[in-house]
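Visitor: Here it is: the structure, laid out below.
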């Protein structure tokens, strides 16, 4: 039986798929044109014809994954109240890791040769979106909106690093991981002090946690429950209360 010859478009898509899995497995430096050609069942000139070489194929693979992940993150942050957006974004990233493991491995483990866009630039875009969301909420509730970018960096960094950890361990399941990340993000935002300070700098001789500090934490939690507090819309719900 004669095998049907692939069209140019079909061959290109096949090479992209083979390239993605090979780059994810071996990294850019560890992958050769010979290996990609062998896995795809073609000669090396076919790869050069479509992509100009390994670098060209890699650039196409990375760009596709960047577009895919960028769309996932952007759409998850577009609508909803603050907590819902956080939940959507965290779960969306973990779902991408689960469904497009090869792509995520490539984005976080390799540096794009000569490329202008990278996972780092994508995270910077996410920080800008999150910071914009937080700045509006901060301004409404008497917190300094200029600090929103700092908190945006912290939140995006925490989510990104946890996703990279989960890429390898895959336990607990993504819903549990997302719930715990949101728990830390949300309750941290809900209990924010408008004028945070480092107590260790005020009393360096104190090697333990002072009772006053614990009392302050309890007071902050009580304050967070008050209507009109900074947690109220940051806090659609308060810690320990079920969100509708």
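Numbering (our numbering), first residue to last: 2 to 245. Quick reminder that beta carbons are idealized off the backbone N, C-alpha and C, glycines included.
What's the C-alpha gap between residue 168 and residue 102?
Guide: 7 Å
Visitor: Is there contact between the stretch 41 to 48 and the stretch 86 to 103, where contact requires at least three CB pairs shorter than 8 Å?
Guide: At 8 Å Cβ cutoff, the stretches do not touch.
Visitor: Please classify residue 6 as buried or exposed, where buried requires at least 16 neighbouring CB atoms within 10 angstroms.
Guide: exposed
Visitor: Does the beta-carbon of residue 162 have 16 or more other beta-carbons within 10 angstroms, so that it is buried, or is it exposed?
Guide: exposed
Visitor: Between 131, 109, 130, which has its C-alpha nearest residue 121's C-alpha?
Guide: 109
Visitor: In its own chain, which residues sit with a C-beta less than 6 Å from the C-beta of residue 13, not counting the 5 before and 5 after it?
Guide: 51
Visitor: Any idea if residue 55 is buried or exposed, counting beta-carbon neighbours within 10 angstroms, 16 or more meaning buried?
Guide: buried
Visitor: Quick one: any contact between the stretch 65 to 73 and the stretch 26 to 46, if contact means 3 or more CB pairs under 8 Å?
Guide: At 8 Å Cβ cutoff, the stretches do not touch.
Visitor: Mark residue 179 as exposed unless 16 or more other C-beta atoms lie within 10 angstroms of its C-beta, in which case mark it buried.
Guide: Residue environment analysis places residue 179 among the buried positions, since at least 16 neighbouring C-beta atoms fall within 10 angstroms of its C-beta.
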